[in-house]
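Enquirer:
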Amino acid sequence: MEMKTTTFKENARTAIADETLQIELDRLSFGFPEKRKKAVDRMPEFEQLREQARDIKNHVLANLDLYLENYEDRVEKHGGQVHWCRDAKAAREQILKICKAADAKTVTKSKSMIGEEIFINDFLAKNGIEPIETDLGEYIIQLRGEPPSHIIAPAIHVSKAQVEDAFRRVHTDLPADRNLEDPAALLQEARGQLRNKFLQADVGLTGANMLVAETGSNVLVTNEGNADLTYALPRVHIVIASIEKIVPTLEDASTILRVLARSATGQDMSVYTTFCTGPKRFEDPDGPEEYHVILLDNGRTDLLGSEFEEILRCIRCSACLNHCPIYKAIGGHAYGWVYPGPMGAVLTPGLIGMEDASDLPNASTLCGKCESVCPMGIPLPKLLRSWRTRHFEAKPTRSLGQITLKFWAWLAKRPKLYHKVNGLIIATLGALGRRKGRIKWIPFASGWTSKRDFPAPMGNTFIQQYHKGARGDTSGRRLREVKK
Amino acid sequence: MNDSRDEILAKIRTSRSGPYVVRNELGTIEDRLKNHPRNVVPARGDGLPEEQITKFKAEAELVNATVTRVSSNIDIPKEIAKYLADNNLPSRIKHAPSLEHLDWSTTLMEVCHGIGEATDEVCVTTAYAGVAETGTIVTYSDQQNPTTLNFLPPVHIAVLNAVDITGSYEDVWTKLRADLGSKDQSVNFIPRTVNMITGPSRTGDIQQTLLLGIHGPQRLHIVIVDEKTP
Amino acid sequence: MSEAIPTSPHVGLFVTCLVDLTRPSVGFATLKLLELAGCQVSVPVMQTCCGQPAYNSGDRSDTRDIAKQVIETFEEFDYIVAPSGSCGGMISHHYLDLFKDDDTWEKRAKNLANKTFELIVFLSDVIKTNKINGQCKTTATYHDSCSGLRELSIKDQPREFLKNINGLKLVEGKKSEVCCGFGGLFCVKYPDISEKMLDEKVDDILQTETEMVLGGDLGCLMNIAGRLTRRGSEKEVRHIAEVLADMTHGPGIAAPEKTEA
Ligand code: SF4
Chain A
11 MEMKTTTFKE
21 NARTAIADET
31 LQIELDRLSF
41 GFPEKRKKAV
51 DRMPEFEQLR
61 EQARDIKNHV
71 LANLDLYLEN
81 YEDRVEKHGG
91 QVHWCRDAKA
101 AREQILKICK
111 AADAKTVTKS
121 KSMIGEEIFI
131 NDFLAKNGIE
141 PIETDLGEYI
151 IQLRGEPPSH
161 IIAPAIHVSK
171 AQVEDAFRRV
181 HTDLPADRNL
191 EDPAALLQEA
201 RGQLRNKFLQ
211 ADVGLTGANM
221 LVAETGSNVL
231 VTNEGNADLT
241 YALPRVHIVI
251 ASIEKIVPTL
261 EDASTILRVL
271 ARSATGQDMS
281 VYTTFCTGPK
291 RFEDPDGPEE
301 YHVILLDNGR
311 TDLLGSEFEE
321 ILRCIRCSAC
331 LNHCPIYKAI
341 GGHAYGWVYP
351 GPMGAVLTPG
361 LIGMEDASDL
371 PNASTLCGKC
381 ESVCPMGIPL
391 PKLLRSWRTR
401 HFEAKPTRSL
411 GQITLKFWAW
421 LAKRPKLYHK
431 VNGLIIATLG
441 ALGRRKGRIK
451 WIPFASGWTS
461 KRDFPAPMGN
471 TFIQQYHKGA
481 RGDTSGRRLR
491 EVKK
Chain B
9 MNDSRDEILA
19 KIRTSRSGPY
29 VVRNELGTIE
39 DRLKNHPRNV
49 VPARGDGLPE
59 EQITKFKAEA
69 ELVNATVTRV
79 SSNIDIPKEI
89 AKYLADNNLP
99 SRIKHAPSLE
109 HLDWSTTLME
119 VCHGIGEATD
129 EVCVTTAYAG
139 VAETGTIVTY
149 SDQQNPTTLN
159 FLPPVHIAVL
169 NAVDITGSYE
179 DVWTKLRADL
189 GSKDQSVNFI
199 PRTVNMITGP
209 SRTGDIQQTL
219 LLGIHGPQRL
229 HIVIVDEKTP
Chain C
115 MSEAIPTSPH
125 VGLFVTCLVD
135 LTRPSVGFAT
145 LKLLELAGCQ
155 VSVPVMQTCC
165 GQPAYNSGDR
175 SDTRDIAKQV
185 IETFEEFDYI
195 VAPSGSCGGM
205 ISHHYLDLFK
215 DDDTWEKRAK
225 NLANKTFELI
235 VFLSDVIKTN
245 KINGQCKTTA
255 TYHDSCSGLR
265 ELSIKDQPRE
275 FLKNINGLKL
285 VEGKKSEVCC
295 GFGGLFCVKY
305 PDISEKMLDE
315 KVDDILQTET
325 EMVLGGDLGC
335 LMNIAGRLTR
345 RGSEKEVRHI
355 AEVLADMTHG
365 PGIAAPEKTE
375 A
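Residue numbers (our numbering), protein chains in the order written: chain A, 11 to 494; chain B, 9 to 238; chain C, 115 to 375.
#1: Could you spell out the range, first to last residue, of the beta strand (DSSP E) harbouring residue 196 of chain C?
#2: If you measure beta-carbon to beta-carbon, which residues of the region 14-26 of chain B are closer than 7 Å to chain A?
#3: Identify which residue in A/246, A/46, A/470, A/144 has its Cα closest to the Cα of residue 429 of chain A.
#4: Please tell me whether, using a cut-off of 7 Å, the distance from the CB of residue 208 of chain B to the nearest non-hydrogen atom of the ligand SF4 is below it.
#5: Under a CB-based cut-off of 8 Å, is residue 183 of chain C close to chain A?
#6: Is there a Cβ from chain A that is less than 8 Å from the Cβ of residue 97 of chain B?
#7: Measure the CB-CB distance between residue 171 of chain A and residue 311 of chain C and report whether it falls below 8 Å.
#8: With distances taken from CA atoms, which of C/292, C/271, C/294 is nearest residue 355 of chain C?
#9: Do the CB positions of residue 388 of chain A and residue 324 of chain A come within less than 8 Å of each other?
#10: Mind listing the chain B neighbours of residue 194 of chain A? Cutoff is C-beta to C-beta under 8 Å, in chain order.
#11: Taking C-alpha atoms, which residue in B/220, B/154, B/177 lies nearest to residue 239 of chain A?
#12: Is there at least one non-hydrogen atom of the ligand SF4 closer than 7 Å to the beta-carbon of residue 391 of chain A?
#13: Listed in chain order, which residues of the region 138-152 of chain B have Cβ atoms closer than 7 Å to some Cβ of chain A?
#14: Using a Cβ-Cβ cut-off of 8 Å, state whether residue 334 of chain A counts as contacting chain B.
#15: Over the uninterrupted alpha helix (DSSP H) stretch that includes residue 351 of chain C, give me the two end residues.
#16: If you follow the alpha helix (DSSP H) that residue 401 of chain A is in, where does it begin and where does it stop?
#17: Name the two residues that bound the continuous beta strand (DSSP E) containing residue 326 of chain C.
#18: Does residue 490 of chain A come within less than 8 Å of chain C when only Cβ atoms are used?
#19: Return helix, strand or coil for residue 133 of chain C, following the three-state DSSP convention.
#20: With a floor of 4 residues, list each alpha helix (DSSP H) that falls wholly inside the region 291-329 of chain C, ordered by position along the chain.
#21: Using a beta-carbon distance below 8 Å, is residue 64 of chain B in contact with chain A?
#22: Kindly identify the DSSP beta-bridge partner or partners of residue 76 of chain B.
#23: Express the C-alpha separation of residue 114 of chain A and residue 231 of chain A in angstroms, rounding to a whole number.
#24: Mapping the DSSP letters down to three states, classify residue 414 of chain A as helix, strand or coil.
#25: Determine the direct distance from the alpha carbon of residue 239 of chain C to that of residue 285 of chain A, and round the result to whole angstroms.
#26: Put residue 476 of chain A into one of helix, strand or coil per three-state DSSP.
#27: So residue 90 of chain B is in the alpha helix (DSSP H); what residue range does that whole segment cover?
#28: Check the C-beta distance from residue 96 of chain A over to residue 20 of chain B and give it rounded, since I have them as a contact under 8 Å.
#29: Can you pull out the residues from the region 115-138 of chain B whose beta carbon lies closer than 9 Å to at least one beta carbon of chain A?
#30: Quick check: is any heavy atom of the ligand FAD less than 7 Å from the C-beta of residue 383 of chain A?
#31: Is residue 408 of chain A buried or exposed, if buried means 16 or more other CB atoms sit within 10 Å of its CB?
#32: For the region 338-352 of chain C, which residues have a beta carbon sitting closer than 7 Å to at least one beta carbon of chain A?
#33: Return the CA-CA distance between residue 58 of chain A and residue 48 of chain B, expressed in angstroms with no decimal places.
#34: Is there a C-beta anywhere in chain C that falls below 8 Å from the one on residue 367 of chain A?
#35: Say whether the region 365-375 of chain A touches the region 48-68 of chain A, bearing in mind that this needs 3 or more beta-carbon pairs closer than 8 Å, one atom from each stretch.
#36: Could you have a look at residue 179 of chain C and say whether DSSP puts it in helix, strand or coil?
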């Protein structure tokens with residue numbers, strides 16, 4: 011069952027019917043928001059930090075070219091290499107080139123959404139190089155052959171029993187009768203399995219939570235410590251990052267770190283925050299000998315300067331997913347592409363085109379919860395609406411829904427007719443349902459009546475009754491007449 | 009090879025004149041990079057040194073680290089031996105070269121030093137600084153301090169001088185710039201790796217249950233030393 | 115509001131299409147509350163819809179036309195009041211966004227936006243009325259509609275007013291701030307997702323074990339009421355204006371006509 015953006019409605023139905031998934035989603039939507047709230051309550055300066063984090067990223071976007079040049083210069087001064095890549099294909103090829111030059115057999119990977127975006131695992135595997143995910147969640151879904159369903163908790167949809175199944179299926183070198191009841195046993199098993207992989211890998215591939223222009227560093231944030239073993243042990247460290255990950259200084263990075271973990275998991279600080287700058291220095295006893303940065307555009311420069319620019323402030327904290335009632339109802343896979351939830355619904359059409367992703371910005375009530383928790387102040391509902399506008403204006407053919415809407419707008423612009431037509435409809439519906447108070451089925455409105463009754467209108471419209479004179483005040487009408 | 013670089017930069021430059029570009033008042037990039045101004049720094053790391061130590065300890069314990077305090081360097085090996093014995097942990101340690109000056113012979117522990125390896129059970133490292141705000145220790149890589157020691161063993165013990173406990177991350181950057189900045193300060197002060205460590209390794213990836221010690225250490229024990237290591 | 119409030123401000127009532135067409139009683143309750151608070155109220159007959167359905171579907175040109183019509187109809191009043199956070203928010207927050215390239219209309223939109231309020235906010239924060247003291251022996255829970263809550267910061271005001279209603283006991287739902295899954299056209303375009311969200315809302319409401327559900331937006335209330343009846347619950351669903359105006363004699367939303375008077 012492959013879920014694509016184009017089959018969104020079906021994906022959603024499948025997800026809603028999936029009981030295991032629903033249990034995990036319940037857990038998530040309870041746990042994350044509560045933890046976030048506690049962390050935010052413990053930080054009186056949180057709102058100020060949020061505003062500054064937003065300003066920092068706006069400043070970066072306004073000066074992105076200059077900061078990128080500065081960043082590149084610093085990386086090179088520290089002995090690293092920067093590879094600029096226009097798209098996913100270029101990035102994949104560049105990574106392969108580096109891996110081949112290093113004669114790599116296995117590549118350890120710490121969780122990277124950009125890695126998902128360029129589908130690097132499949133590509134490496136096809137080229138005879140084994141990619142090994144080391145974040146526990148990513149490892150689990152790699153064993154299950156699935157994409158992540160959440161940007162920081164990729165295996166959020168998987169139950170403990172399913173983890174056990176996957177481990178038993180793959181870790182065949184271990185005794186079949188071992189006890190994996192306890193989650194801690196699963197943890198120990200994963201630790202043991204991955205330990206050797208870390209030590210054997212030729213190349214370590216990480217993402218970057220930020221790139222610091224001042225120093226040429228990439229910032230890695232994890233709770234497990236897998237990113238640290240990924241860059242520190244192999245001979246080659248490759249960082250894959252998109253161009254908007256830049257922040258100016260270490261101080262600016264610190265500000266963003268303060269909102270990142272609190273918004274993400276509700277921790278004050280993630281366990282491991284690492285600043286890597288270039289390869290091993292002459293005097294260093296350990297560390298990678300080569301340091302490469304893949305600097306990826308892949309559609310970002312198209313968003314820059316557009317009405318969607320603000321999504322480029324996103325730090326992938328996942329707060330918008332964790333608080334989204336739609337995400338909670340359908341989980342991440344239903345969105346059909348790499349990035350789920352509100353940030354995904356804004357970003358995906360920008361990266362793969364609105365034609366294929368048109369359901370994503372539409373499947374939202376614009377309830378605004380995401381914007382209220384986004385640490386970067388991204389107006390997600392506004393951006394979702396902007397996609398709808400773009401789509402509406404670009405698309406000549408109209409769906410039945412759009413035609414109905416058009417008709418409604420046409421009518422709304424003709425108040426006299428509007429009141430006449432609607433008066434008639436309302437009188438009919440009122441007569442049909444007034445006694446019972448509700449109507450169970452209305453033609454052309456089955457989207458509504460398939461799930462809920464339609465509350466019967468009272469019969470006469472307010473405007474009709476009011477102007478018939480119960481209250482006798484027609485100054486509203488007079489006001490209009492005076493104006494004319 | 010530089011085609012993509014030029015294309016990307018050119019595209020960015022064209023887009024910067026568009027109607028949606030958000031300008032703001034953070035000044036020129038030269039100023040920002042050179043002066044690296046501080047943004048809002050939360051007040052909770054503020055205080056007299058002794059208050060900061062108390063805060064550091066409390067925050068570190070909140071994230072499952074353990075913290076003890078000794079008055080001088082001489083006490084460090086004994087304290088470590090005691091911690092290992094109390095917790096039924098193996099008494100074989102590997103310490104960072106930076107701690108070679110300590111007199112390890114005062115205990116019965118098996119002691120060696122070097123870089124982190126798969127077989128290590130307990131590693132002892134030097135923390136460059138502590139951050140009271142979140143109970144975070146900061147280490148960086150150099151000849152004396154291999155990075156791998158912080159991550160490979162299941163037990164990580166960090167030695168932290170009381171005077172190196174600061175309020176905020178910003179304080180650490182200031183200290184680092186002062187300690188390591190050379191003539192060409194803007195480029196060279198940053199070590200290859202700076203690690204901020206806040207508690208032991210953890211994951212919530214199995215059914216959203218918190219479990220400690222997935223890839224990094226399961227235990228983080230911090231020994232605060234009142235007398236500054238020379 | 116820094117300007118002085120006129121002693122008897124002339125309020126244009128934007129009744130909203132849903133109230134107008136399906137539940138006039140909310141309109142009359144609004145009228146009564148405004149008059150009680152000392153306002154002179156007019157109901158322009160040229161009003162239709164605020165344009166939100168078109169706006170949220172990306173049809174900006176129709177939205178602009180409708181907005182212009184609303185501006186023309188209402189701009190001469192001291193205040194414009196709507197018994198809905200979503201329509202109120204549309205006029206006070208989103209109209210501005212429509213006229214970025216048109217100075218004249220932008221100015222007019224801004225003028226209108228500055229004096230447009232959702233009913234409860236208007237009574238509580240602008241007029242600061244102390245004339246609300248009805249009677250309603252019941253237990254109720256309150257659903258915070260999204261635009262009201264997050265665009266207009268309506269949270270404490272309705273609860274404060276409800277404290278003045280004799281005999282009414284408010285019980286908070288755990289998820290009172292979670293979206294009910296209405297979302298205008300969303301609920302018909304994505305009925306399965308909407309149903310899932312709605313059921314959570316309804317479950318939360320049911321667990322409060324109250325007799326009544328109150329809210330400030332008719333769209334959400336119709337959504338909730340329709341699901342409650344579909345699930346066989348007879349819980350009374352009402353717009354808060356009806357309770358505050360002491361006009362709860364008629365049936366609740368989606369409820370059958372009362373047999374005894
Ligand atoms: S849009 Fe905001 S809340 Fe969502 S992931 Fe990005 S930064 Fe976090």
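We put the CB at the ideal spot given by N, CA and C, even for glycine. Computed from a predicted structure; not experimentally measured.
Expert: Well, looking at it:
#1: One-based indexing of the third sequence puts residue 196 of chain C at position 82. 193-196 is the extent of the beta strand (DSSP E) around residue 196 of chain C.
#2: 15, 16, 17, 19, 20, 21, 23, 24, 26
#3: Along the first sequence, read from residue 1 onward, the residue named residue 429 of chain A stands at position 419. Nearest C-alpha to residue 429 of chain A: A/470.
#4: As a working note, residue 208 of chain B is residue 200 in the second sequence. Not so, every heavy atom of the ligand SF4 lies at least 7 Å from the Cβ.
#5: Working through the third sequence from its first residue, we reach residue 183 of chain C at position 69. Yes - at least one Cβ of chain A is within 8 Å of the one on residue 183 of chain C.
#6: Taking the second sequence and counting its residues from 1, the one referred to as residue 97 of chain B is at position 89. Chain A contact via Cβ: absent.
#7: Your numbering for residue 171 of chain A matches position 161 in the first sequence. Your numbering for residue 311 of chain C matches position 197 in the third sequence. Contact: no.
#8: The sequence position of residue 355 of chain C within the third sequence is 241, counting from 1. Here the closest residue by C-alpha is C/271.
#9: Stepping through the first sequence from its first residue, residue 388 of chain A is reached at position 378. Stepping through the first sequence from its first residue, residue 324 of chain A is reached at position 314. Taking 8 Å as the Cβ cut-off, residue 388 of chain A and residue 324 of chain A qualify as a contacting pair.
#10: By one-based count along the first sequence, residue 194 of chain A stands at place 184. The answer, in chain order, is 219.
#11: Within the first sequence, residue 239 of chain A is the residue found at index 229, counting from 1. It is B/154.
#12: If you number the first sequence from 1, residue 391 of chain A lands on position 381. Incorrect: residue 391 of chain A has no Cβ contact closer than 7 Å to the ligand SF4.
#13: 142, 144, 149, 150, 151
#14: Translated into the one-based positions of the first sequence, residue 334 of chain A becomes position 324. No, no contact with chain B.
#15: Residue numbering aside, residue 351 of chain C sits at position 237 when the third sequence is read from its first letter. Careful: residue 351 of chain C lies outside any alpha helix (DSSP H), inside the beta strand (DSSP E) at 350-353.
#16: The residue you call residue 401 of chain A lines up with position 391 of the first sequence. Note, residue 401 of chain A: alpha helix (DSSP H), 390-404.
#17: In the third sequence, the residue the question calls residue 326 of chain C occupies position 212. First-last of the beta strand (DSSP E) with residue 326 of chain C: 326-329.
#18: Against the first sequence, residue 490 of chain A aligns to sequence position 480. With a pLDDT of only 35 at residue 490 of chain A, under 50, the local geometry of the prediction cannot be trusted, and the value read off the model is given with reservation. It does: the Cβ of residue 490 of chain A has a partner Cβ on chain C nearer than 8 Å.
#19: Taking the first residue of the third sequence as 1, we reach residue 133 of chain C at position 19. Three-state result, residue 133 of chain C: helix.
#20: 300-303, 305-321
#21: Residue 64 of chain B sits at position 56 when you count from the first residue of the second sequence. Taking Cβ atoms only, chain A never reaches closer than 8 Å to residue 64 of chain B, which makes this a no.
#22: Within the second sequence, numbered from 1, the residue matching residue 76 of chain B stands at position 68. Residue 76 of chain B is bridged to B/231.
#23: Numbered from 1 along the first sequence, position 221 holds the residue referred to as residue 231 of chain A. Numbered from 1 along the first sequence, position 104 holds the residue referred to as residue 114 of chain A. About 25 Å.
#24: In the first sequence, the residue the question calls residue 414 of chain A occupies position 404. Looking at residue 414 of chain A - three-state DSSP - the assignment turns out to be helix.
#25: Along the first sequence, one-based indexing puts residue 285 of chain A at 275. Along the third sequence, one-based indexing puts residue 239 of chain C at 125. Roughly 50 Å between the two C-alpha positions.
#26: Position 466 of the first sequence, counted from the start, is the residue given in the question as residue 476 of chain A. Looking at residue 476 of chain A - three-state DSSP - the assignment turns out to be helix.
#27: Residue mapping note: residue 90 of chain B aligns to position 82 of the second sequence, counting from 1. Counting along the chain, the alpha helix (DSSP H) containing residue 90 of chain B begins and ends at 83-94.
#28: The residue you call residue 96 of chain A lines up with position 86 of the first sequence. The residue you call residue 20 of chain B lines up with position 12 of the second sequence. About 12 Å; that fails the 8 Å criterion.
#29: 122, 123, 124, 125, 126
#30: In terms of ligand content, the structure shown lacks the ligand FAD and carries the ligand SF4 instead.
#31: Position 398 of the first sequence holds residue 408 of chain A. By the neighbour-count rule (16 or more Cβ atoms within 10 Å), residue 408 of chain A is not buried but exposed.
#32: 339, 340, 341, 343, 344
#33: Position 48 of the first sequence, counting from 1, holds the residue named residue 58 of chain A. Position 40 of the second sequence, counting from 1, holds the residue named residue 48 of chain B. Whole-angstrom Cα-Cα distance: 7 Å.
#34: Here residue 367 of chain A corresponds to residue number 357 of the first sequence, with the count starting at 1. It does not; no Cβ of chain C falls within 8 Å.
#35: no
#36: Here residue 179 of chain C refers to the residue found at position 65 of the third sequence. Correct three-state label for residue 179 of chain C: helix.
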